[in-house]
Structures are given as structure tokens and as C-alpha cells.
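Note that this note's numbering has the sequence shown beginning at 26, numbered continuously upward.
By construction, the Cβ of each residue, glycine as well, lies at the ideal position given by its N, Cα and C atoms.
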Amino acid sequence: MGSRIHYSALVTKIRAMQSRLLKEEDFRILASMENVPQAAAYLRQIPSYQAAMIDLEDAQIHWEDVERLMVGTLYYDFSKIYRFCNGKQRQVLKLYFAKYEIAVIKRALRRIFNHGDRTGEARGLRETLQKYTKVHLAEMAQAETISQFLEALRDTDYQNVLARLEHSEHASLFDYEMTLDLFYFSRIWKEKDRFLRGKELGMMTATLGSGIDMLNMMWIYRARKYYQMPAASIYTLVIPITYRLKDEEIREMVMAESLGKLEALLHRTWYGKRALDFDCGELEKLYRQILRKVYWTERQKDPYSMATVTAYLYDKEQEIDMLTSVLEGVRYGLSSQEILSYVG
26 MGSRIHYSAL
36 VTKIRAMQSR
46 LLKEEDFRIL
56 ASMENVPQAA
66 AYLRQIPSYQ
76 AAMIDLEDAQ
86 IHWEDVERLM
96 VGTLYYDFSK
106 IYRFCNGKQR
116 QVLKLYFAKY
126 EIAVIKRALR
136 RIFNHGDRTG
146 EARGLRETLQ
156 KYTKVHLAEM
166 AQAETISQFL
176 EALRDTDYQN
186 VLARLEHSEH
196 ASLFDYEMTL
206 DLFYFSRIWK
216 EKDRFLRGKE
226 LGMMTATLGS
236 GIDMLNMMWI
246 YRARKYYQMP
256 AASIYTLVIP
266 ITYRLKDEEI
276 REMVMAESLG
286 KLEALLHRTW
296 YGKRALDFDC
306 GELEKLYRQI
316 LRKVYWTERQ
326 KDPYSMATVT
336 AYLYDKEQEI
346 DMLTSVLEGV
356 RYGLSSQEIL
366 SYVG
């Protein structure tokens with residue numbers, strides 16, 4: 026009864042937001058659009074995207090603008106939910122927000138390495154995000170060098186973690202992103218035990234742990250299949266945390282003498298046994314399916330808890346990912362059938 030009292034208003038709000046997520050028919054319609062401006066015009070009719078895209082003019086619209094605004098709707102949703110939460114509930118969201126913080130940092134790194142757009146997140150979005158992070162977002166958006174980028178991280182642990190790569194002659198974008206991932210998962214795995222208790226701790230352990238296991242499986246498989254990396258190099262990619270996987274399973278996968286042996290090991294894992302005839306080449310799809318199932322199960326176990334909130338945020342993240350893929354397909358003139366086959 027206590028959890029129902031504390032969560033009833035929040036759950037009602039989440040259900041209302043859930044009802045505004047895109048439907049299958051929306052994706053079909055978007056996949057059939059002739060160009061990105063036409064798709065943006067359709068999104069302006071969707072309540073959850075209307076406010077973000079209202080000021081875009083069709084004649085001047087660019088793909089980068091649409092992508093930036095779509096991602097922004099996720100952060101705006103997070104902000105709306107955060108304002109609605111009490112102190113205990115905000116502890117869960119602060120841990121959850123770290124993944125968004127990492128995403129912003131990665132986008133800044135990609136702009137530097139790829140010499141891309143310097144504008145970063147829109148100013149209004151940066152102001153919203155700045156409430157939840159110590160990263161100097163305005164400075165990061167303008168950073169053109171690694172030194173400037175690291176200066177924007179000066180009040181955070183990220184600066185110390187990444188500084189050692191600055192003077193490395195061969196440090197690549199991949200090295201920076203992998204270092205961030207390893208730091209993120211290790212830090213959050215420890216912090217959840219410090220700040221959370223009871224159901225919230227169990228929920229975060231299940232969702233985060235499953236995600237780590239699946240990422241380790243994907244990275245090991247990709248390292249072996251596409252890059253033929255030696256075992257010692259593969260170990261540098263592995264997040265040093267296990268949940269359903271066992272340390273011995275990780276070791277066997279890394280040391281597998283052939284790709285066929287590795288695929289057999291993947292099928293025998295806790296995750297592989299719960300997927301009917303999955304193709305190892307589609308581990309990313311299995312990753313999404315497993316995580317969606319975990320979030321759904323946690324929400325079903327206790328709908329009046331933070332599991333309902335994190336499940337919604339996960340659904341919104343997946344919507345943004347699928348929407349990005351659909352609009353990329355439209356941008357490159359793919360057929361609607363081909364576009365929809367990519368997003369499943």
C-alpha cells in the first residue's frame with residue numbers, strides 16, 4: 026500500500042507519456058516518406074515531438090537538425106519525470122542519467138575526431154541537461170581539440186579517466202569511447218549498492234547487469250568475427266562485471282578456438298537458452314529483446330515502483346533509435362520495405 030501511495034501520481038504521469046509513444050503505423054507512414062522534411066512535417070503532428078520541431082522550417086531543414094531534436098525529446102522527458110519525483114526516486118534517476126551524460130560526451134568526441142558540426146546540442150537542451158551534470162556543456166559543444174574537450178570535463182571524474190589518453194600517440198575515438206564505457210559501467214555498478222535499497226536496488230541490478238552481460242557477448246563476438254582480435258586484446262573490451270554470465274563463460278568465449286565454437290558457447294549461455302534459434306550475427310537484436318523483456322518483467326513485478334519509470338525511458342530510447350534508422354533510410358532513398366526490415 027505504501028508504494029502505491031508514493032507512486033500513484035508518478036505512474037499515472039508515465040502512463041500518459043507512454044500513450045504518446047509512436048505506434049507501428051507511425052513507423053510505416055514515416056518509412057514511406059519521400060524526404061526528411063516531409064517526415065519532419067509528420068512528426069510535428071505527434072504530440073511528443075510537436076514542441077521540439079515546431080520552429081523547424083521545411084525549406085531550411087537539415088537531417089542534423091531533426092536528429093538533434095529527436096534526441097532532445099528523450100532528455101526533455103527525463104527532465105519532466107525528474108521534476109515530478111521525490112528525493113528517493115531522484116536517486117534512481119540520477120544513476121540512470123549517467124548513460125545520457127556519457128552519450129553527450131561521446132557526441133562531442135565524435136565531432137572532434139570527425140571534424141563535424143561544432144554546434145552540439147541545441148542551446149535550450151544544454152540548459153536543461155546542465156541541471157543534472159557537472160560537465161561544462163557549452164564549452165564542450167565548442168571544443169575543437171582534445172585539450173579543450175578535457176577542460177570542459179574539469180570538475181568531473183571523466184577528466185582524470187580520459188586524460189591519460191591525451192598524450193597517447195595512437196589513441197583513437199574507439200579508445201576514448203571504450204574507456205568511457207568501462208568507467209561508466211564500473212562506476213554505476215558500485216554506486217547502485219551505495220545509494221539504492223530493496224526493490225530499487227533489485228531493479229537496477231537486473232537491468233544494468235543484463236545489459237552488461239549482453240554487451241560483453243556482443244563485443245567478444247564482433248571482435249572475433251570482424252576484427253580477428255587476439256584474446257589479450259579482446260579482454261581489454263570486456264566490462265569486468267558479470268550478472269547471469271559466469272567468469273568461466275567469458276573466459277571460454279574469449280579463448281574459443283573457432284567462430285563456430287564461440288557461437289555454440291553463446292547459445293549455451295543463460296541468454297542464449299531464452300532465445301529460440303537466434304542468429305549470432307543478430308546479437309544486437311537479441312540484446313534489445315532481452316533488455317526489453319527485463320524492463321517489462323521488472324515493471325510487471327511491481328508497477329508502483331521506479332521500474333515503471335525506467336521501463337518508459339528505455340522504451341523512449343528504443344523509439345529514438347528506430348526513428349533515427351527510419352529517417353536515415355528515408356534520407357538515402359531506401360524503399361519503405363527495406364527501411365522497416367532494418368528496424369524490425
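For residue i, collect the residues of the same chain with a Cβ closer than 7 Å to its Cβ; drop the 5 residues on either side in sequence, then sort them by chain order.
i: Met347; result: Phe52 and Val368
i: Thr181; result: Lys159 and Val160
i: Leu308; result: Met242, Met243 and Tyr246
i: Glu126; result: Thr158 and Val160
i: Arg115; result: Tyr107
i: Lys38; result: Phe109
i: Tyr357; result: none
i: Cys305; result: Tyr246, Glu288 and Leu291
Could you compute how far the alpha carbon of residue i sits from the alpha carbon of residue j?
i: Val96; j: Tyr252; result: 31 Å
i: Asp327; j: Lys113; result: 17 Å
i: Met26; j: Tyr32; result: Confidence at Met26 is low in this model, with a pLDDT of 44, below 50, so its placement is unreliable and no value can be given for it.
i: Ser258; j: Glu202; result: 16 Å
i: Ile130; j: Lys48; result: 31 Å
i: Tyr67; j: Leu359; result: 18 Å
i: Arg222; j: Lys215; result: 13 Å
i: Glu164; j: His195; result: 25 Å
i: Gln75; j: His87; result: 17 Å
i: Glu89; j: Asp200; result: 25 Å
i: Asp340; j: Tyr209; result: 21 Å
i: Leu175; j: Gln184; result: 6 Å
i: Asn139; j: Arg29; result: 49 Å
i: Ser361; j: Ala65; result: 16 Å
i: Ala77; j: Ala128; result: 19 Å
i: Gln155; j: Gln167; result: 15 Å
i: Ile71; j: Arg189; result: 45 Å
Report all residues from its chain with a CB closer than 8 Å to the CB of residue i; omit the five preceding and five following residues, and keep chain order.
i: Ala147; result: Arg93, Leu94 and Gly97
i: Val263; result: Asn241, Trp244, Ile245, Ile275 and Val279
i: Ile345; result: Met95, Val96, Thr98 and Leu99
i: Ala281; result: Arg249, Leu287 and Leu290
i: Leu162; result: Val129, Gly145, Glu146, Arg151, Leu154, Gln155 and Ala177
i: Gln173; result: Glu164 and Gln167
Just confirm the distance between the C-beta atoms of residue i and residue j, as a whole number of angstroms; I'd bet it's less than 8 Å.
i: Glu225; j: Val117; result: 5 Å
i: Phe220; j: Leu338; result: Actually they are not in contact, since the Cβ atoms of Phe220 and Leu338 sit about 18 Å apart, beyond 8 Å.
i: Gln343; j: Arg313; result: 7 Å
i: Leu187; j: Thr170; result: Going by Cβ atoms, the distance from Leu187 to Thr170 rounds to 13 Å, so no, they are not a contact pair.
i: Pro255; j: Ser211; result: That pair is no contact at about 24 Å.
i: Glu277; j: Leu290; result: 6 Å
i: Leu198; j: Lys217; result: That pair is no contact at about 29 Å.
i: Leu55; j: Leu352; result: 7 Å
With a threshold of 16 other CB atoms inside 10 Å of the CB of residue i, please say whether the residue is buried or exposed.
i: Ser283; result: exposed
i: Arg136; result: buried
i: Ile364; result: buried
i: Arg134; result: The identity of residue 134 in the sequence shown is Leu, whereas the question assumes Arg. Burial call: buried.
i: Phe122; result: buried
i: Glu152; result: exposed
i: Arg249; result: buried
i: Leu35; result: buried
i: Gly149; result: exposed
i: Arg294; result: In the sequence as presented, Arg is not what sits at residue 294; that position holds Thr. Buried.
i: Thr261; result: exposed
i: Ser235; result: buried
Closer than 6 Å by C-beta to residue i: which residues in its own chain qualify, once you throw out the five before and the five after it? Chain order, please.
i: Tyr296; result: Ile315
i: Leu311; result: Ala300 and Phe303
i: Asp238; result: Tyr268, Arg269 and Leu270
i: Glu50; result: none
i: Ser350; result: Tyr367 and Val368
i: Gly354; result: Ile364
i: Ala336; result: Tyr320 and Arg324
| query | For the region 35-42 against the region 103-111, are there 3 or more C-beta pairs whose distance is under 8 Å? | reply | yes
| Touching by the beta-carbon criterion (3+ pairs, under 8 Å), the region 323-332 and the region 228-245 | yes
| field | Segment contact, 8 Å Cβ cut-off, at least three pairs: the region 45-65 with the region 308-324 | value | no
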